[in-house]
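FYI, the numbering for the sequence shown is 360 to 467, going by our numbering. Below: one structure, written as structure tokens.
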Amino acid sequence: MVLTAPRDAFSYTGAVRKYRRTADSGRQSDVVRCAACGTRLWHEPQSFPIVTLTIGTLDDPSWGVPASEIWIEKALPAAIFHADAELFHGQPERQKQIEAFNALYGDA
Numbered sequence: 360m361v362l363t364a365p366r367d368a369f370s371y372t373g374a375v376r377k378y379r380r381t382a383d384s385g386r387q388s389d390v391v392r393c394a395a396c397g398t399r400l401w402h403e404p405q406s407f408p409i410v411t412l413t414i415g416t417l418d419d420p421s422w423g424v425p426a427s428e429i430w431i432e433k434a435l436p437a438a439i440f441h442a443d444a445e446l447f448h449g450q451p452e453r454q455k456q457i458e459a460f461n462a463l464y465g466d467a
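Next comes the structure, spelled out in structure tokens:
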């Protein structure tokens with residue numbers, strides 16, 4: 360699960376390593392990992408001024424409730440999806456995910 364935030368509102372401490380990857384769509388994103396252990400921390404899409412933070416790396420991830428589930432067509436057969444989440448079979452347009460978030464949490 361990831362948490363999306365405006366890039367200019369995000370800050371961090373500690374050493375990280377970045378590498379750029381290209382998705383099947385052709386879009387590029389920087390993947391950021393902890394320099395010490397290699398844990399994936401967040402992504403920085405080149406096409407949009409946001410970060411997508413891996414919520415499991417937060418001190419307290421318990422408050423996170425998914426607003427949308429993506430790539431459900433590739434989920435394991437026993438996967439359980441959150442009842443309030445909007446389901447997408449593939450990668451939705453970013454606006455669709457924003458709308459799903461706003462429907463669950465209110466306009467941001």
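All C-beta atoms, glycine included, are put in the ideal place defined by N, C-alpha and C.
(request) Rank Val361, Ala395 and Gln387 by C-alpha distance to the C-alpha of Asp376 and give the top, closest one. (result) Note that residue 376 corresponds to Arg in the displayed sequence, not to Asp. When the alpha-carbon of Arg376 is set against those of Val361, Ala395 and Gln387, the nearest one is in Ala395.
(message) Below 8 Å, how does it come out for the stretch 396-408 and the stretch 434-444: are there three or more Cβ pairs, yes or no?
(response) The stretch 396-408 is not in contact with the stretch 434-444.
(message) Suppose contacts are defined by Cβ-Cβ distances below 7 Å. Is Ser427 in contact with Glu452 by that definition?
(response) With respect to Glu452, Ser427 sits apart: the two C-beta atoms are not nearer than 7 Å.
(request) Have a look at Val410 and Arg386 and give me their C-alpha separation to the nearest angstrom. (result) Answer to the nearest angstrom: the Cα atoms are 15 Å apart.
(request) Provide the residue span of the alpha helix (DSSP H) that contains Gln450, from first to last. (result) Boundaries cannot be given for Gln450, as no alpha helix (DSSP H) includes it and DSSP labels it neither H nor E.
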